[in-house]
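Residue numbers (this note's numbering), protein chains in the order written: chain A, 63 to 365; chain B, 52 to 210. See below for the structure under consideration.
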Amino acid sequence: MRLRHVVSSLDLTRDDYFRIFELADKFSNVKKLNYLSGKVVSLAFFEPSTRTAQSFHTAAIKLGADVIGFASEESISIAKGENLADTIRMLSNYSNCIVMRHKFDGAALFASEISDIPIINAGDGKHEHPTQALIDLYTIYKVFGEIDGRTFGLLGDLKYARTVNSLLRALTRFKPKKVFLISPSQLKVRREILDGLNYPVIETENPYDMIQDIDVLYVTRIQKERFVDEVEYEKVKESYVVDLKLVNMMKKDGIILHPLPRVTEIDRKVDKTTNAKYFYQASLAVPVRMALFYEVLGERKDD
Amino acid sequence: MISSSKRDELIVSKIRNGTVIDHIPAGRALAVLRILGIRGSEGYRVALVMNVESKKIGRKDIVKIEDRVIDEKEASLITLIAPSATINIIRDYVVTEKRHLEVPKQIRGLIKCPNPQCITNNDVEAESRFTTISIKPLKLKCEYCEIYITEDDVIRQIL
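So, in structure tokens, the structure goes:
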């Protein structure tokens, strides 16, 4: 079955995840393929982004697609007052798929209702970032050989981090042993996300209580730009720092992931430990996004 | 001795033509009038009974409006803040139609998403759309940003 829109992690089945992982394996280390030659990918980044936009761009080029698009609202007609719907209609005429980043929650779903061509959500406000969840899970799959049965610890801003929402939802397609949600009380996972989960979840504030049980520690930045109230941000901005003291208490084969960029939440001394896998995780972005493009746009016998 | 229901009936007289909204949860009658856009200067004869006894819901409000029919959009909004309400259409002093309201499974365009960052508050074409998660207590979920909203949020918008 061809994937249509990828707006939420929940748009992918367990089979979809594994098929994408296998394709990503195949696409690792390839220089260039022509699987998507003649196809055009639109990168519609209404909100600035460097690594996500670049990795999508590289993935499209490596599969032989042409790329059009923009990297900020200022560069397009939105700045002249054009609405999102009209921009999506225009890009639908020019391309075969739209990768979209937008500052408003729910923008990707709205775009998918307008668009005649597939929409891939590259982050919509504080809502979801499903392709990051694909990279996160692929990293775990590569390191451990499986995802089921692991104990996870998600640490930091669990309220506003869209990567957290998408990862938690993606995990509903697997069988995590337990997921610890570690955050200050002001930054707990939102109820609407928690309600849809189908595995054991424990909310807590202190990572030292369970760090020794965790296989995957997923760290997020506390994002200043998501806070309406700066006073609230000041209260929580440095709630957690993953330092050597914490890492030394982890399982020997436990891993630390981070969607990046990081600021102060992971001490740079941790980078050299064998637990630190966030740069490796970032290196997998291109093959995963190639796999996703191939799933969405590649030729199929059933086409 | 006059029974309590008789006593309530005596507070206001019957209307000839119009609508009687009964079984409104106590204290919500003013919100119902707000939904109907009735502020008093429109010229309708309106009767309001608040906090009377009800076998069905304990205490209730009743609104009677002469020569005014309620449309579907208004009825849907009333269900959100008064799911127990019934709408009786009166013609020549007789109830000709009795409607039991039901909270719709999906609510489109009637209420705003309270999340200022939701796309529905930021694109002229994006219409708000909520799914009903539960009726008692009322809980709706924005289909775009997925935020939950409660009865209090709905009332806050209406009042």
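The beta-carbon is built from N, C-alpha and C at its ideal position, and this holds for glycine as well.
Host beta strand (DSSP E) of proline 165 of chain B (start-end): Proline 165 of chain B -> no beta strand (DSSP E), and no H or E assigned at all.
If you measure from the beta carbon of aspartate 291 of chain A to each beta carbon in chain B, is any gap under 8 Å? no
Is the CB-CB distance between valine 278 of chain A and arginine 212 of chain A below 8 Å? yes
Any contact of the region 193-207 of chain A with the region 192-210 of chain B, i.e. 3+ C-beta pairs under 8 Å? no
Serine 90 of chain A and serine 228 of chain A closer than 8 Å at C-beta: no
In chain order, what residues of the same chain lie with their CB nearer than 6 Å to the CB of valine 146 of chain B, ignoring the 5 residues before and after it? Asn139
If you reduce the DSSP assignment to three classes, tell me which class proline 76 of chain B lands in. strand
Leucine 171 of chain A at chain B interface by Cβ criterion, 8 Å: yes
For the region 237-246 of chain A against the region 258-265 of chain A, do three or more pairs of beta-carbon atoms, one drawn from each stretch, fall closer than 8 Å, so that the two count as touching? yes
Is glutamate 176 of chain B close to chain A, meaning its C-beta is less than 8 Å from at least one C-beta of that chain? yes
Using the beta-carbon of each residue, which ones in chain A are nearer than 7 Å to asparagine 166 of chain B? Correct list: Asp167.
Using the C-alpha atoms, what's the distance from alanine 80 of chain B back to phenylalanine 181 of chain B? Those two C-alpha atoms are separated by around 24 Å.
Hey, is the region 168-178 of chain A in contact with the region 158-173 of chain B, meaning 3+ C-beta pairs nearer than 8 Å? yes
Step through the CB atoms of chain A and report whether any lies within less than 8 Å of the CB of tyrosine 199 of chain B. Cβ-Cβ to chain A under 8 Å: yes for tyrosine 199 of chain B.
Quick one: what's threonine 75 of chain A bridged to in DSSP? According to DSSP, which records beta bridges pairwise, threonine 75 of chain A is partnered with nothing at all.
Using DSSP with H/G/I as helix, E/B as strand and the rest coil, what is aspartate 124 of chain A? Checking the sequence, you will find lysine at residue 124 of chain A rather than aspartate. Three-state DSSP puts lysine 124 of chain A in a helix.
Is the Cβ of asparagine 173 of chain B closer than 8 Å to any Cβ of chain A? yes
Pairing CB atoms from the region 64-71 of chain B with CB atoms from the region 111-125 of chain A, are three or more of them under 8 Å? no
Using C-beta distances below 6 Å, list every residue in its chain close to valine 309 of chain A, excluding the 5 sequence neighbours before and after it, in chain order. Correct list, in chain order: Val332, Thr335, Asn337.
CA-to-CA distance, asparagine 166 of chain B to glutamate 202 of chain B, given in whole angstroms: Going from the Cα of glutamate 202 of chain B to the Cα of asparagine 166 of chain B covers about 15 Å.
Taking a Cβ distance cut-off of 7 Å, strictly less, list which residues of the region 240-259 of chain A are near chain B, in chain order. Arg253, Glu254
Can you tell me the Cα-Cα spacing of aspartate 210 of chain A and leucine 131 of chain B, whole angstroms? Each residue's Cα considered, the two are about 42 Å apart.
CB-CB under 8 Å to glutamine 274 of chain A, same chain, minus the five flanking residues each way: which ones, in chain order? Met311, Met312, Lys313
Is there contact between the region 121-130 of chain B and the region 77-91 of chain B, where contact requires at least three CB pairs shorter than 8 Å? Flag = yes, the region 121-130 of chain B and the region 77-91 of chain B touch.
Cβ contact check for the region 76-92 of chain A and the region 179-188 of chain A: 3 or more pairs under 8 Å: Between the region 76-92 of chain A and the region 179-188 of chain A, the count of Cβ pairs shorter than 8 Å is below three; the stretches do not touch.
So which of A/Gly100, A/Leu146, A/Leu85, A/Pro323 has the shortest CA-CA distance to glycine 168 of chain A? Ranked by Cα distance from glycine 168 of chain A, the options A/Gly100, A/Leu146, A/Leu85, A/Pro323 are led by A/Leu146.
With 16 other Cβ atoms within 10 Å as the buried cut-off, status of threonine 326 of chain A: exposed
Would lysine 149 of chain B count as contacting chain A if we go by Cβ distances under 8 Å? no
Quick check: glycine 131 of chain A and lysine 94 of chain A, are their CB atoms within less than 8 Å of each other? no
Excluding five sequence neighbours on each side, which residues of the same chain lie with their C-beta closer than 6 Å to the C-beta of alanine 6 of chain A? Lying before the first or after the last residue shown, residue 6 of chain A is absent from chain A, which here runs from 63 to 365.
I want to know whether the region 250-257 of chain A touches the region 281-292 of chain A - three or more CB-CB distances under 8 Å. no
Please name the residue in A/Arg64, A/Tyr156, A/Leu259 whose C-alpha comes closest to that of phenylalanine 236 of chain A. Comparing Cα positions, the closest option is A/Leu259.
Using three-state DSSP, classify threonine 130 of chain B as helix, strand or coil. Taken through DSSP and simplified to helix, strand or coil, threonine 130 of chain B comes out as helix.
Could you check which residue in B/Gly94, B/Ala136, B/Leu189, B/Ile108 has the C-alpha nearest to that of valine 114 of chain B? B/Ala136
So is isoleucine 162 of chain B in contact with chain A if we call contact Cβ pairs under 8 Å? Judged by the 8 Å Cβ criterion, isoleucine 162 of chain B is not in contact with chain A.
Partner residues on chain A for isoleucine 186 of chain B, Cβ-Cβ distance less than 7 Å: Here the premise fails: no neighbours, minimum Cβ distance about 16 Å.
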